[in-house]
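J.: In this text, residue positions in the sequence shown follow the numbering used here: the first is 226, and each later residue adds one.
Here you go, one structure.
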Amino acid sequence: MCVFRHASARARRTASAGFFVVDRPPAGSDPTDGIDRRRIKLQNIDRDAELLLADAAGKDRIKLRVEKSGDAYIEILDANGQTVFRAPEQ
């Protein structure tokens, strides 16, 4: 698990904070091989709350988001990152 925080140098226009959970590297593999093993990411980007769930390859597959305006949605993504389901629809 890792915790992160980012703030833009441009008068605080962009800021994010959150944490993510990664898979353990397979036995005998190099943990510094550069492969993204992130499975869960919970973040707050400019007051928009987001939860991302990724497959074993590290690709986002489910996105839950509540925007600062109060609008909320869920998206299911295919292996290429394309939305295959969204509720509510745009």
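Beta carbons: idealized from backbone N, C-alpha and C, even for Gly.
Since we're looking at a predicted model, the values are computed, not measured.
Between which two residues does the beta strand (DSSP E) containing Q268 stretch?
T.: Unbroken beta strand (DSSP E) run through Q268: R263 to I270.
J.: For the beta strand (DSSP E) holding S241, just list the boundary residues, first then last.
T.: Run containing S241: A240 to V247, per the beta strand (DSSP E) assignment.
J.: State the Cα-Cα distance for the pair A304 and R264, rounded to the nearest angstrom.
T.: Straight-line Cα distance between these residues: approximately 14 angstroms.
J.: Can you grab the Cα-Cα spacing for the pair D273 / V247, in whole Å?
T.: Each residue's Cα considered, the two are about 22 angstroms apart.
J.: Any heavy atom of the ligand ADP within a distance shorter than 7 angstroms of the CB on D255?
T.: The ligand ADP is not part of the structure shown, which contains no ligands of any sort.
J.: In its own chain, which residues sit with a C-beta less than 6 angstroms from the C-beta of K266, not counting the 5 before and 5 after it?
T.: These residues qualify, in order along the chain: F245 and L277.
J.: Tell me the rounded alpha-carbon separation between E275 and D285.
T.: Near 12 angstroms, if we compare the C-alpha coordinates of D285 and E275.
J.: Can you tell me the Cβ-Cβ gap for L301 and I287, rounded? I've got them flagged as a contact below 8 angstroms.
T.: Sequence inspection shows Ile at residue 301; the Leu mentioned does not correspond to that position. I301 to I287, Cβ: 6 angstroms. Contact.
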